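Engineer: For the sequence shown, the residue numbers in UniProt numbering are 1 to 349.
We treat Cβ as the ideally placed atom computed from N, Cα and C, and that holds for glycine.
Note that the structure is predicted; figures quoted are calculated from it, not measured.
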Amino acid sequence: MLLSWDVVVIEKTRGPPTGNPTGAGIALHPLSQKIVKSWLHQPDLLHNITLPLTIDQNRAVDQEKNVCRILARDENFNYLQAHWTDLHSLIYNTLPPEIFFWGHLYLTFCISHDKSTVNVKAKNLKTDEVIDIAGDLLVAADGSRSSVRQTFVPDSKLRYTGYCAWRGVFDFSENENSETIQGIRKAYPTLGSGVHMDLASGTYTVLDELMYKRLNWIWFISQSEPPLKGDSATMKVSSDMIKKMHQEAEKIWVPEFARVIKETKEPFLNLIYDCDPLTQIYWDNVVLIGDAAHPITPHCARSTNMAIADAAVLGGGGQKIYIQLWKNINLLGYLSLPSKSCIRGEWVK
Numbered sequence: 001m002l003l004s005w006d007v008v009v010i011e012k013t014r015g016p017p018t019g020n021p022t023g024a025g026i027a028l029h030p031l032s033q034k035i036v037k038s039w040l041h042q043p044d045l046l047h048n049i050t051l052p053l054t055i056d057q058n059r060a061v062d063q064e065k066n067v068c069r070i071l072a073r074d075e076n077f078n079y080l081q082a083h084w085t086d087l088h089s090l091i092y093n094t095l096p097p098e099i100f101f102w103g104h105l106y107l108t109f110c111i112s113h114d115k116s117t118v119n120v121k122a123k124n125l126k127t128d129e130v131i132d133i134a135g136d137l138l139v140a141a142d143g144s145r146s147s148v149r150q151t152f153v154p155d156s157k158l159r160y161t162g163y164c165a166w167r168g169v170f171d172f173s174e175n176e177n178s179e180t181i182q183g184i185r186k187a188y189p190t191l192g193s194g195v196h197m198d199l200a201s202g203t204y205t206v207l208d209e210l211m212y213k214r215l216n217w218i219w220f221i222s223q224s225e226p227p228l229k230g231d232s233a234t235m236k237v238s239s240d241m242i243k244k245m246h247q248e249a250e251k252i253w254v255p256e257f258a259r260v261i262k263e264t265k266e267p268f269l270n271l272i273y274d275c276d277p278l279t280q281i282y283w284d285n286v287v288l289i290g291d292a293a294h295p296i297t298p299h300c301a302r303s304t305n306m307a308i309a310d311a312a313v314l315g316g317g318g319q320k321i322y323i324q325l326w327k328n329i330n331l332l333g334y335l336s337l338p339s340k341s342c343i344r345g346e347w348v349k
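1. According to DSSP, is residue 350 helix, strand or coil?
2. Closest by CA to residue 50, which one among 26, 31 and 153?
3. Ignore the nearest five residues each way along the sequence and tell me which others in residue 263's own chain have a CB closer than 7 Å to its CB.
4. In the DSSP assignment, find the unbroken alpha helix (DSSP H) run with residue 247 in it and report its ends.
5. If you draw a straight line from the C-alpha of residue 52 to the C-alpha of residue 191, how long is it?
6. Give me, in chain order, the residues of the same chain whose beta-carbon lies closer than 7 Å to that of residue 94; leave out the 5 immediate sequence neighbours on both sides.
7. Does the contact criterion of 3 or more C-beta pairs under 8 Å hold for the segment 210-217 versus the segment 161-169?
8. What span of residues does the alpha helix (DSSP H) with residue 84 cover, start to end?
9. Determine the DSSP secondary structure at residue 211, reduced to helix, strand or coil.
10. Could you check what DSSP says for residue 309 in three-state terms: helix, strand or coil?
11. Could you say which of 260, 147, 43 and 141 lies nearest to residue 178 if we only look at CA atoms?
12. What first and last residue would you give for the beta strand (DSSP E) that runs through residue 183?
13. Quick check on residue 6: does DSSP put it in helix, strand or coil?
14. Go ahead and label residue 361 buried or exposed: buried means 16 or more other beta carbons lie within 10 angstroms of its beta carbon, across all protein chains shown.
15. Using DSSP with H/G/I as helix, E/B as strand and the rest coil, what is residue 119?
16. If contact is defined by three or more beta carbon pairs under 8 Å, each pair taking one atom from either stretch, is the segment 228-243 in contact with the segment 131-138?
17. Excluding the 5 residues flanking residue 293 on each side, which residues of the same chain have their C-beta closer than 6 Å to its C-beta?
18. Residue 316 by DSSP, collapsed to three states: which one?
19. Can you say whether residue 205 is buried or exposed, counting buried as having 16 or more other CB atoms within 10 angstroms of its CB?
20. Using only alpha-carbon positions, find the residue among 313, 217 and 158 that is nearest to residue 198.
21. Relative to the alpha-carbon of residue 186, which residue among 249, 257 and 162 has its alpha-carbon at the smallest distance?
22. Smallest Cα separation from residue 55: which of 200, 249, 67 and 196?
23. Can you give the beta carbon distance from residue 285 to residue 118, rounded, assuming they're within the 8 Å contact cut?
24. At what residues does the alpha helix (DSSP H) containing residue 57 begin and finish?
25. Shorter than 7 Å from the beta carbon of residue 313 to some beta carbon of chain E?
26. Starting from residue 165, follow the beta strand (DSSP E) in both directions and report where the run begins and ends.
27. Quick one: using the 10 Å Cβ neighbour count with 16 as the cut-off for buried, is residue 107 buried or exposed?
28. Starting from residue 257 and walking both ways along the alpha helix (DSSP H), at which residues does that stretch end?
29. Give every residue of the same chain whose Cβ lies closer than 7 Å to the Cβ of residue 328, excluding the five residues on either side of it in the sequence, and list them in chain order.
30. Less than 7 Å separating the beta-carbons of residue 143 and residue 6?
31. In angstroms with no decimal places, state the Cα-to-Cα distance between residue 241 and residue 248.
32. Taking the alpha carbon of residue 307 as the point to measure from, which residue in 245, 46, 98 and 139 has its own alpha carbon closest?
33. With distances taken from CA atoms, which of 75, 271, 85 and 99 is nearest residue 230?
34. By how many angstroms is the C-alpha of residue 92 removed from the C-alpha of residue 48?
Right, here's the structure in full:
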């Protein structure tokens, strides 16, 4: 059953992403692949923007001794890798454009006395005009630092996990035969069909290939919590921070990977948080979804996949079914499988 809802999306960015914006890759779980395909008019289009991740390989790296040793290798990983903007555009193009209120900042909401409706105030960032939108249900998809969640659960605090993630996308579309690309393909022979995790003391990296001749990399670093402004977990970085990061990469990682990091334009830094599980994710006409409902770390490709499954349940079965699933089976338990995670620099299982 699919519900016929009239939807309004309030989004503070000026419009859908265009060109080649910054961002990172998304690994889609097999269930997420099935869900996304069900949203598309042409399901096979998902394969036009993704590359298969059939192999998941973990290895230990000791740069001082010039030693790399494979620790684990799964050849039935069966994920798909996409850049977030490609996936966003694919889904966005299936939706009527008039439902989007681009350039509008969510301000606050109010539930009616009889609890039949919820009213949302939002500000047009171009004109400063404040508008009111009345609806039957407010779906709060405002991320891990959700202000809506804070309204209902003020004592629920995000917990800094003890590490950050440098991230970047290296575009080699203009020179796919450069020394950098030849070197990285030699160092990682299964690049293009797998995800590669390198582990060193207190740190690790993830490397994979994206469609349209791009490499996606992540470098997790244990450190104290840096100062963060605003409601985003992405931190603005200075040229000095980037330079220091490049120097550390050359000391720790294989030269081919360190070179990719150094040649990547506009790397950025994510601070990684989680929080204790919420005992409630809905209040009358308001429901939390995605990272607003379950900030999670380590990521392990879970955050986006959990949000996709949330949306499928809420959109396909309605608020009552979504809530009942959450209460009965701790929604998305299928993703809570044992995995290796680096927490505060210690490897646990």
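Structural biologist: Concretely, from the data shown:
1. No information on residue 350 is available, as it lies outside the stretch 1 to 349 that the chain covers here.
2. Reading the sequence shown from its first residue, position 50 is the one you call residue 50. Residue 26 is the option with its Cα nearest to residue 50.
3. Counting from one through the sequence shown, the residue named residue 263 turns up at place 263. Counting only Cβ-Cβ distances below 7 Å, and skipping sequence neighbours, we find 170 and 180.
4. For the purposes of this step, residue 247 is identified with residue 247 of the sequence shown, where counting begins at 1. First-last of the alpha helix (DSSP H) with residue 247: 239-252.
5. Locating residue 52 in the sequence shown gives position 52, where the first residue counts as 1. Locating residue 191 in the sequence shown gives position 191, where the first residue counts as 1. If I take the Cα positions, the gap works out to 10 Å.
6. Stepping through the sequence shown from its first residue, residue 94 is reached at position 94. The residues are 39, 40 and 41.
7. yes
8. Here the question's residue 84 lines up with position 84 in the sequence shown. Note, residue 84: alpha helix (DSSP H), 84-92.
9. Taking the first residue of the sequence shown as 1, we reach residue 211 at position 211. Looking at residue 211 - three-state DSSP - the assignment turns out to be coil, as it is neither helix nor strand.
10. One-based indexing of the sequence shown puts residue 309 at position 309. Residue 309: helix per DSSP, three-state reduction.
11. As a position in the sequence shown, residue 178 is number 178, starting the count at 1. Comparing Cα positions, the closest option is 260.
12. Looking up residue 183 in the sequence shown gives position 183. Element bounds for residue 183: not the beta strand (DSSP E) but the alpha helix (DSSP H), 179-187.
13. Here residue 6 refers to the residue found at position 6 when the sequence shown is read from its first residue. Here residue 6 sits in coil by DSSP.
14. Residue coverage of the chain in this structure runs from 1 to 349, which leaves residue 361 outside it and unanswerable.
15. By 1-based counting over the sequence shown, the position of residue 119 is 119. Looking at residue 119 - three-state DSSP - the assignment turns out to be strand.
16. no
17. Stepping through the sequence shown from its first residue, residue 293 is reached at position 293. 281.
18. The sequence position of residue 316 within the sequence shown is 316, counting from 1. It is helical.
19. Counting from 1 along the sequence shown, the entry for residue 205 is found at position 205. Residue 205 comes out buried.
20. On the sequence shown, residue 198 is found 198 positions in, with the first residue counted as 1. It is 217.
21. The sequence position of residue 186 within the sequence shown is 186, counting from 1. Answer by Cα proximity: 257.
22. Taking the first residue of the sequence shown as position 1, residue 55 is located at position 55. Taking only the C-alpha atoms, the option nearest residue 55 is 196.
23. Within the sequence shown, residue 285 is the residue found at index 285, counting from 1. Within the sequence shown, residue 118 is the residue found at index 118, counting from 1. Residue 285 to residue 118, Cβ: 4 Å. Contact.
24. Indexing the sequence shown from 1 puts residue 57 at position 57. From DSSP, residue 57 is part of no alpha helix (DSSP H) but of the beta strand (DSSP E) over 55-62.
25. Absent here is chain E; the protein component of the structure consists of one chain.
26. Indexing the sequence shown from 1 puts residue 165 at position 165. Element bounds for residue 165: 159-171.
27. Against the sequence shown, residue 107 aligns to sequence position 107. Its Cβ having fewer than 16 others within 10 Å, residue 107 is exposed.
28. The residue labelled residue 257 in the question sits at position 257 within the sequence shown. First-last of the alpha helix (DSSP H) with residue 257: 255-263.
29. Taking the sequence shown and counting its residues from 1, the one referred to as residue 328 is at position 328. Note on residue 328: pLDDT 48, under 50, position unreliable in the model; no value is reported.
30. For the purposes of this step, residue 143 is taken as residue 143 along the sequence shown, with counting starting at 1. For the purposes of this step, residue 6 is taken as residue 6 along the sequence shown, with counting starting at 1. No, the pair does not count as a contact, with Cβ atoms beyond the cut-off.
31. As a position in the sequence shown, residue 241 is number 241, starting the count at 1. As a position in the sequence shown, residue 248 is number 248, starting the count at 1. So the two alpha carbons sit approximately 11 Å from each other.
32. Taking the sequence shown and counting its residues from 1, one reaches residue 307 at position 307. Of the candidates 245, 46, 98 and 139, the one whose C-alpha sits nearest the C-alpha of residue 307 is 139.
33. Residue numbering aside, residue 230 sits at position 230 when the sequence shown is read from its first letter. Per the Cα distances, 271.
34. In the sequence shown, the residue the question calls residue 48 occupies position 48. In the sequence shown, the residue the question calls residue 92 occupies position 92. Computed Cα separation, rounded: 15 Å.
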